[in-house]
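According to our numbering, the residues represented by the sequence shown are 68 to 563, in order. Working notes, beginning with the structure itself.
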Amino acid sequence: MRANGILLPVSSLPSKYGIGCFSIEAYEFIDQMKKAGQKYWQILPLGPTGYGDSPYQSFSTFAGNPYYINLDQLVSYGWLTKEECENADFGEDKQYVDYGKQYQNRYPLLRKAFANSHIAQQDDFWCFCEEQKEWLSDYALYMALKGENDNRSWEEWDESLKRRDPEVLDQKREELKEEILFYEFLQYEFRKQWDALKAYANENGIKIIGDIPIYVSFDSADVWADKKLFQFDEKGYPTAVAGVPPDGFSADGQLWGNPLYDWEYHKQTGFAWWLKRLESCFQMYDVVRIDHFRGFDEYFSVPYGDSTAVRGHWEKGPGIEFFQKVEEYFPGKEIIAEDLGYVTDTVRKLVKDTGYPGMKVLEFAFDSRDSGNAEDYLPHNYDHNCVVYTGTHDNETVIGWFCEGLLEKEKQSVRAYLNDYVTMDDQMHIPMICLAMRSVARLCIIPMQDLLGLDNQARLNHPSTMGTNWKWRLRKGEFNSRLISDLYAMTKRYGR
């Protein structure tokens with residue numbers, strides 16, 4: 068079945084309090100998607116963000132971001148007042164998130180709500196804690212210890228905490244029990260609100276595409292709780308970290324810095340940790356997009372301590388053995404393989420052997436900076452089993468790309484392929500969206516910024532940079548009745 072969807076992170080939804088969340092605006096967005104004939108809503112990872120505000124660098128791969136908790140819902144419970152929420156300073160700019168003000172002013176409200184909730188008296192809360200204890204206990208303790216250690220990462224803590232001395236941890240659990248309870252409360256409320264929003268989406272014929280980063284953050288409960296999962300030395304430090312090699316977009320490559328997996332250990336355990344991680348995702352989402360899929364074929368290993376990815380090299384990943392185990396435990400579950408970047412024949416074979424749809428990004432088909440695989444992204448080379456995008460969260464918007472990123476000869480190539488020499492440059496998003504929709508790809512996902520025809524001021528992320536990413540927001544009224552009507556007409560025209 069051919070279908071269409073929209074890429075819009077939860078953080079980019081309009082809302083009253085400075086960042087998109089599980090508020091009435093999220094429900095209204097689902098209503099708008101339904102009117103526009105869309106079947107899928109793709110979001111980014113929902114985890115609690117740390118340094119750099121990236122959803123791909125989370126304090127836990129299992130936890131949810133407290134920023135997404137709807138404050139109005141807490142008001143309805145009587146845990147906060149409307150005045151307390153409205154008087155908090157979340158910034159005046161409705162188009163960009165101010166993460167500093169979110170951190171400074173949202174947490175005090177969440178703490179007030181926690182104090183007024185008397186959550187420890189609620190049986191549902193304790194049931195949730197018991198169901199999620201395998202990760203929640205370590206996560207809540209980790210966050211409480213971070214707070215006690217000026218929010219520093221675990222490698223800067225006392226040795227007894229770094230090595231998880233059982234007696235010391237028991238002592239800390241007693242000393243910090245109220246703070247631990249607070250972080251458990253946040254996860255309970257997050258999950259309750261998210262489950263309600265997802266149920267509403269499903270009731271209205273919208274499936275949620277969630278995103279699982281291949282790697283976890285060094286500063287995370289996941290790493291602190293079980294270093295055996297990763298390539299660490301006897302002193303408790305990584306021997307190598309993740310990244311990608313130099314390419315046309317980055318001369319030094321990208322140094323992500325995430326710990327690399329000890330895949331031999333994972334094989335010995337039957338990939339137990341990964342299966343738990345995927346199980347959590349399948350509880351949260353209808354479809355899971357596995358980020359950086361090629362890392363399961365080969366992953367790029369950079370010596371720990373290097374300042375760039377230049378000295379990195381490729382290592383073999385777990386390959387098809389891992390995905391056979393995934394199919395055994397989760398038969399028939401929908402998975403998308405993010406197979407972007409320089410794709411080798413072995414990666415292509417792995418994607419084909421899994422049966423997962425890969426990703427096609429139209430911008431890559433015409434951009435000389437992506438010199439290795441341009442032919443793969445031209446629609447006449449697609450097969451049905453793929454997902455097509457104009458661009459992703461890591462790309463320029465179509466208008467920014469066409470007007471600012473391309474050479475004149477590349478613009479001519481785009482126009483020639485589209486057989487379109489008339490459309491103004493700042494309207495090129497429309498034929499590009501039509502090109503994606505009429506392709507044979509079974510699923511077409513368009514970023515909201517491209518539907519709106521916005522330039523690079525609306526770009527969500529510029530890889531290998533910090534300070535300006537993950538901030539763009541949809542303003543109330545931008546996804547209006549005219550755009551909804553036009554999107555519905557295009558969706559119907561191309562049989563989606």
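Glycine residues also receive a C-beta, built at the ideal position from the N, C-alpha and C atoms.
Shown here, histidine 380 sits in a strand according to DSSP, grouped into three states. Annotation for aspartate 553: the continuous alpha helix (DSSP H) segment containing it runs 548-560. By the CB criterion at 8 Å, isoleucine 551 and lysine 102 fall inside the cutoff.
Note that the C-beta distance between lysine 265 and phenylalanine 349 is not below 8 Å. Straight across, the Cα-Cα distance linking glutamate 197 with tyrosine 484 is about 57 Å. For phenylalanine 299, the three-state secondary structure derived from DSSP is strand. Relative to the Cα of alanine 263, the nearest Cα in the group Thr490, Gln171, Cys453 and Tyr94 belongs to Tyr94.
Here isoleucine 273 is buried. Its C-beta has 16 or more other C-beta atoms within 10 Å. Beta-carbon to beta-carbon, isoleucine 276 and glycine 362 are separated by about 19 Å, too far to satisfy the 8 Å threshold. Between valine 393 and glutamate 201, the alpha-carbon positions lie close to 20 Å from each other.
Leucine 327 and phenylalanine 285 do not touch by the CB rule: their CB atoms are close to 11 Å apart, not below 8 Å. Under the DSSP definition of a beta bridge, glycine 72 partners with Tyr107 and Ile512. Annotation note: the segment 244-332 contains the following uninterrupted alpha helix (DSSP H) runs of length 4 or greater, listed N- to C-terminal: 244-270 and 288-292. Taking a C-beta distance under 8 Å as the contact criterion, glutamine 254 and leucine 203 qualify as a contact pair. Here the segment 216-231 makes no contact with the segment 180-192; the two share fewer than three CB pairs at distances below 8 Å. A direct Cα-to-Cα measurement between threonine 411 and proline 530 gives close to 22 Å.
Of the residues Phe129, Asp314 and Ile73, the one whose Cα lies closest to the Cα of lysine 343 is Phe129. Judged by DSSP in its simplified three-state form, methionine 504 adopts helix.
Going by DSSP, glycine 425 is part of the beta strand (DSSP E) stretching over 425-428.
For valine 77 and phenylalanine 89, the gap between their C-alpha atoms comes out near 8 Å. Pairing glycine 422 with asparagine 269, the inter-Cα distance amounts to about 25 Å. DSSP, read as helix, strand or coil, puts arginine 356 in strand. Take arginine 563, set aside five residues on each side of it, and the residues of its chain with a beta-carbon closer than 7 Å to its own are Arg69, Ala70, Asn71, Met504 and Cys511, in chain order. By the Cβ rule, the segment 430-449 does not count as touching the segment 317-333, because fewer than three pairs are nearer than 8 Å.
Pairing glutamate 365 with glutamate 388 gives a Cβ-Cβ distance that is not under 8 Å. Per the DSSP secondary-structure output, tyrosine 163 pairs in a beta bridge with Trp539. With contacts defined by Cβ atoms closer than 8 Å, aspartate 205 and alanine 339 do not form a contacting pair. Residue environment for glycine 303: exposed (fewer than 16 other C-beta atoms within 10 angstroms of its C-beta). Linking glutamate 471 to asparagine 172 through their CA atoms gives a straight-line distance of about 37 Å. In the DSSP secondary-structure assignment, threonine 116 is bridged to Ser125. Of all alpha-carbon atoms in Ala180, Lys294, Lys416 and Gly467, the one lying nearest the alpha-carbon of phenylalanine 390 is that of Lys416. Assigned with DSSP and collapsed to three states, phenylalanine 363 falls in helix.
Here arginine 549 is exposed: its Cβ has fewer than 16 other Cβ atoms, across all protein chains shown, within 10 Å. In this structure, isoleucine 247 sits away from alanine 288, with a CB-CB distance that is not shorter than 8 Å.
The shortest CA-to-CA distance from proline 424 to any of Glu430, Asn440, Arg436 and Val454 is the one to Val454. The alpha-carbon of arginine 219 is positioned some 48 Å away from that of tyrosine 555.
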